[in-house]
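Chemist: Each residue of the sequence shown is one higher than the one before, counting from 351 in our numbering. In this text, a Cβ means the ideal position worked out from N, Cα and C, and glycines have one as well. For clarity, every value in this text was computed on a predicted model and none was experimentally measured. Right, I'll just put the structure down here and ask away after.
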Amino acid sequence: MTHKDLNVWKDSIKLVVDLYRITRKFPKDEIIGITNQIKRAAVSIPANISEGSGRDHSKEYVRFLGISRGSASELETLIQISYELEFLNETEYYNFSERVTKIIVQLSRLMQSIRNKSAKV
């Protein structure tokens with residue numbers, strides 16, 4: 351099984367694509383501001399999942415999953431700010447917020463699962 355088989359990786363890839371699409375409508379003067387930060391935080395989630403899965407030790411994998419979870423938390427805040435600035439409407443805000451929350455939960459469960467497996471070895 352590779353990272354490409356993980357639902358959290360698949361979900362985070364879809365989230366990246368959707369966020370890239372939605373940020374196209376953000377004000378042009380925000381391209382180097384919040385738009386760029388949203389893109390970087392979003393891309394960091396699946397990128398760190400895949401990098402961690404390619405590591406030799408479960409401890410390193412969990413560390414990279416933790417980085418992914420941190421990026422997801424950052425993204426949660428950026429989505430909130432985007433909503434407060436009225437760059438996202440209410441429906442978009444709740445959609446993205448729910449998806450990020452789901453990814454955070456998935457990452458936490460995956461981290462715990464890996465820790466449990468390595469503790470048994």
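Would you please verify whether the beta carbon of Lys-354 is less than 9 Å from any beta carbon of chain B?
Modeler: Reference to chain B is not applicable here, since this structure consists of a single protein chain.
Chemist: Given a cut-off of 9 Å, decide if Trp-359 and Ser-400 are closer than it, judged by their beta-carbon atoms.
Modeler: Here residue 400 is taken as the residue at index 50 of the sequence shown, counted from 1. Here residue 359 is taken as the residue at index 9 of the sequence shown, counted from 1. Result yes, Cβ atoms of Ser-400 and Trp-359 sit closer than 9 Å.
Chemist: Which residue wins for smallest C-alpha separation from Val-367, given the options Lys-354, Gln-430 and Phe-446?
Modeler: Along the sequence shown, one-based indexing puts residue 367 at 17. Nearest option by C-alpha distance: Phe-446.
Chemist: Would you please state the rounded distance, in angstroms, between the beta carbons of Ala-391 and Leu-438? I believe it to be under 8 Å.
Modeler: Locating residue 391 in the sequence shown gives position 41, where the first residue counts as 1. Locating residue 438 in the sequence shown gives position 88, where the first residue counts as 1. Not quite, the Cβ-Cβ distance comes to about 15 Å (not below 8 Å), so this is no contact.
Chemist: Look at the alpha carbon of Ser-458 and the alpha carbon of Thr-441, and state the distance between them as a whole number of angstroms.
Modeler: Taking the first residue of the sequence shown as position 1, residue 458 is located at position 108. Taking the first residue of the sequence shown as position 1, residue 441 is located at position 91. Going from the Cα of Ser-458 to the Cα of Thr-441 covers about 26 Å.
Chemist: So the candidates are Gly-402, Glu-426, Glu-410 and Ser-403; which of them puts its Cα closest to the Cα of Leu-369?
Modeler: The count along the sequence shown starts at 1 and reaches residue 369 at position 19. Answer by Cα proximity: Glu-426.
Chemist: Which same chain residues end up closer than 8 Å to Asp-361 when comparing Cβ atoms and leaving out the 5 residues on each side of it in sequence?
Modeler: By 1-based counting over the sequence shown, the position of residue 361 is 11. Within the same chain, Asp-361 has close Cβ partners Arg-449, Lys-452, Ile-453 and Gln-456.
Chemist: Helix, strand or coil for Asp-368 per DSSP?
Modeler: Locating residue 368 in the sequence shown gives position 18, counting from the first residue. Residue state, collapsed to three classes: helix.
Chemist: Rank Gly-402, Tyr-443 and Ala-469 by C-alpha distance to the C-alpha of Thr-352 and give the top, closest one.
Modeler: Translated into positions along the sequence shown, residue 352 becomes position 2. Thr-352 has its Cα closest to that of Gly-402, out of Gly-402, Tyr-443 and Ala-469.
Chemist: Candidates Asn-386, Thr-385 and Ile-464: which alpha carbon is nearest Gly-416's?
Modeler: For the purposes of this step, residue 416 is taken as the residue at position 66 of the sequence shown. Measuring from the Cα of Gly-416, the nearest candidate turns out to be Ile-464.
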